[in-house]
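Residue numbers (our numbering): 32 to 375. Every residue, glycine too, gets a C-beta built ideally from N, C-alpha and C. What you are looking at is a predicted structure, and each value in this text was computed from that prediction instead of being measured.
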Amino acid sequence: MKLSDFYYELPPELIAHYPLPERSASRLLVVDGTTGDYQDRYFTDIVALLNAGDLLVFNDTRVIPARLHGQKTTGGKVEILIERIIDEFSAWAHIRASKAPKVGTRLVLESVLEIEVTGRQDDLFQIKLIGTLPILTALEHYGHMPLPPYITRQDEISDRERYQTVFAERPGAVAAPTAGLHFDEDILKRLKAKGVKFASVTLHVGAGTFQPVRVSNLDQHVMHAEYVEVSAETCAAVQACKSQGGKVIAVGTTTVRSLESAARSGVLEPFHADTQLFIKPGFQFNVVDAMVTNFHLPESTLLILISAFAGYANIFKSYQHAVKERYRFFSYGDAMFLTRSGNN
Numbered sequence: 032m033k034l035s036d037f038y039y040e041l042p043p044e045l046i047a048h049y050p051l052p053e054r055s056a057s058r059l060l061v062v063d064g065t066t067g068d069y070q071d072r073y074f075t076d077i078v079a080l081l082n083a084g085d086l087l088v089f090n091d092t093r094v095i096p097a098r099l100h101g102q103k104t105t106g107g108k109v110e111i112l113i114e115r116i117i118d119e120f121s122a123w124a125h126i127r128a129s130k131a132p133k134v135g136t137r138l139v140l141e142s143v144l145e146i147e148v149t150g151r152q153d154d155l156f157q158i159k160l161i162g163t164l165p166i167l168t169a170l171e172h173y174g175h176m177p178l179p180p181y182i183t184r185q186d187e188i189s190d191r192e193r194y195q196t197v198f199a200e201r202p203g204a205v206a207a208p209t210a211g212l213h214f215d216e217d218i219l220k221r222l223k224a225k226g227v228k229f230a231s232v233t234l235h236v237g238a239g240t241f242q243p244v245r246v247s248n249l250d251q252h253v254m255h256a257e258y259v260e261v262s263a264e265t266c267a268a269v270q271a272c273k274s275q276g277g278k279v280i281a282v283g284t285t286t287v288r289s290l291e292s293a294a295r296s297g298v299l300e301p302f303h304a305d306t307q308l309f310i311k312p313g314f315q316f317n318v319v320d321a322m323v324t325n326f327h328l329p330e331s332t333l334l335i336l337i338s339a340f341a342g343y344a345n346i347f348k349s350y351q352h353a354v355k356e357r358y359r360f361f362s363y364g365d366a367m368f369l370t371r372s373g374n375n
């Protein structure tokens with residue numbers, strides 16, 4: 032299939048620039064990957080859609096306030112977006128400036144932080160924070176939440192809490208695993224009371240998730256690398272669920288990629304490494320039976336992934352319906368519940 036096969040028209044007013052007042056107040060479009068049937072529901076109906084013994088798998092990554100503004104010593108403005116923490120004082124970052132800084136350049140950020148550019152690899156710069164303040168602490172004090180580029184406003188104090196899942200634990204992401212934003216403590220409590228089991232993976236979402244696919248032939252696309260951890264405990268929980276006839280439900284495309292990366296051999300095994308897994312139609316899923324996800328950008332790897340999961344025709348029919356029914360799109364938008372196509 033070609034990249035152009037994954038284009039659709041989206042009225043710009045359907046892009047959600049703010050979250051709803053309540054996390055679980057979103058709408059939920061339920062799509063049957065076998066029949067292609069869909070239903071308009073509300074996210075609170077997720078409790079009715081799951082059964083005792085099913086396993087919900089979350090991505091427990093925590094978004095860091097990864098965006099910093101500042102200037103060069105020459106006065107030129109710069110913007111830095113942390114991509115990956117290397118150690119206590121160093122990171123890989125994207126740097127936006129009128130002219131790319133050279134190795135050895137020092138920058139002043141948020142008027143108080145001084146960093147040095149210590150290396151470069153392709154489009155990423157290695158930076159080191161000067162002084163005794165650890166980089167994660169510095170970001171918590173001075174950084175801005177890295178809202179996606181299609182949210183055309185500055186981050187606000189409320190984004191510190193709302194652009195974060197309630198189960199976020201491990202700092203390292205520069206974008207939220209947005210399917211998880213719909214869950215609140217009450218929903219989790221009701222699911223647990225019903226007998227639904229929980230497990231987690233970690234995938235630190237990188238800024239590459241927003242990069243456009245630049246090739247028309249999908250076979251030529253190379254995914255950006257993101258760090259994944261799938262523990263032995265999660266593998267055991269998946270195996271126990273399957274052996275008892277339950278379904279494994281991944282919360283978000285990042286969780287799908289984590290679990291399927293750990294099962295490329297055909298058997299789910301503990302996994303602690305980078306993944307560049309690109310899931311496109313024809314992919315054989317080994318673990319995930321259903322998934323919760325948001326609505327994704329046209330021609331994005333995320334839209335391609337859910338088309339592989341629930342069927343290309345099913346997804347595009349349901350997206351046409353979502354546009355017609357004025358669903359809210361993207362990170363702060365509404366959700367979908369997808370079951371796996373019978374073809375994979």
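In the DSSP assignment, what are the bridge partners of residue i?
| i | result |
| --- | --- |
| Tyr258 | Asp305 |
| His175 | Arg98 |
| Gln70 | Val61 |
| Met367 | Leu60 and Thr324 |
| Ile280 | Leu87 and Ala321 |
| Arg93 | Pro202 |
| Asn345 | Paired residues: none, contrary to the question. |
| Val78 | According to DSSP, Val78 bridges with nothing at all. |
| Ile46 | Phe360 |
| Thr233 | Glu260 |
| Lys33 | Asn248 |
| Lys228 | Leu86 |
| Lys103 | Leu138 |
Checking 8 Å against the spacing of the C-beta atoms, do residue i and residue j come in under that value?
| i | j | result |
| --- | --- | --- |
| Phe120 | Lys159 | yes |
| Val261 | Phe302 | yes |
| Ala124 | Leu164 | no |
| Asp217 | Glu257 | no |
| Leu290 | Val88 | yes |
| Leu80 | Val94 | no |
| Val227 | Thr286 | no |
| His327 | Tyr69 | no |
| Pro208 | Gly283 | yes |
| Asn345 | Gly64 | yes |
| Gly174 | Arg98 | yes |
| Ala169 | Leu144 | yes |
| Leu299 | Val269 | yes |
| Pro312 | Ser292 | no |
| Gln185 | Met254 | no |
Throw me the rounded Cβ distance for the residue i and residue j pair, which I believe falls under 8 Å.
| i | j | result |
| --- | --- | --- |
| Phe309 | Thr332 | 6 Å |
| Val109 | Ile126 | 6 Å |
| Ala199 | Thr92 | 7 Å |
| Leu41 | Phe340 | With a Cβ gap of about 20 Å, Leu41 and Phe340 do not count as contacting. |
| Ala206 | Pro179 | 7 Å |
| Ala366 | Leu59 | 5 Å |
| Ile182 | Ser362 | 7 Å |
| Ala321 | Arg288 | Not really, about 15 Å apart at Cβ, beyond 8 Å. |
| Ala83 | Lys225 | 6 Å |
| Val354 | Leu34 | Incorrect: roughly 20 Å between the Cβ atoms, too far for contact. |
| Asp85 | Gly277 | 5 Å |
Just the C-alpha distance for residue i and residue j, rounded to the nearest angstrom, thanks.
| i | j | result |
| --- | --- | --- |
| Ala267 | Ile161 | 43 Å |
| Gly107 | Leu167 | 25 Å |
| Gly211 | Phe74 | 11 Å |
| Lys133 | His235 | 28 Å |
| Ser296 | Ser142 | 50 Å |
| Ala281 | Ala47 | 23 Å |
| Leu252 | Ser129 | Note that residue 252 corresponds to His in the displayed sequence, not to Leu. The alpha-carbon atoms of His252 and Ser129 are separated by roughly 28 Å. |
| Val318 | Val279 | 7 Å |
| Glu264 | His100 | 40 Å |
| Asn325 | Thr105 | 43 Å |
| Thr66 | Tyr49 | 33 Å |
| Gly342 | Leu369 | 10 Å |
| Glu53 | Gly150 | 43 Å |
| Arg245 | Leu334 | 15 Å |
| Tyr194 | Glu147 | 29 Å |
| Glu171 | Arg72 | 37 Å |
| Asp36 | Tyr358 | 22 Å |
| Ser189 | Glu356 | 28 Å |
| Asp118 | Glu187 | 28 Å |
| Pro96 | Phe314 | 34 Å |
| Gly135 | Gln152 | 14 Å |
| Tyr38 | Glu330 | 5 Å |
| Arg191 | Val197 | 12 Å |
| Ile111 | Gln157 | 11 Å |
| Leu219 | Asp76 | 12 Å |
| Ala271 | Val78 | 21 Å |
### Query
At which residue ranges does the stretch 109-178 contain complete alpha helix (DSSP H) runs of 4 or more residues, listed in the order of the chain?
The qualifying runs are 166-173.
### Query
At which residue ranges does the stretch 172-223 contain complete beta strand (DSSP E) runs of 3 or more residues, listed in the order of the chain?
201-204
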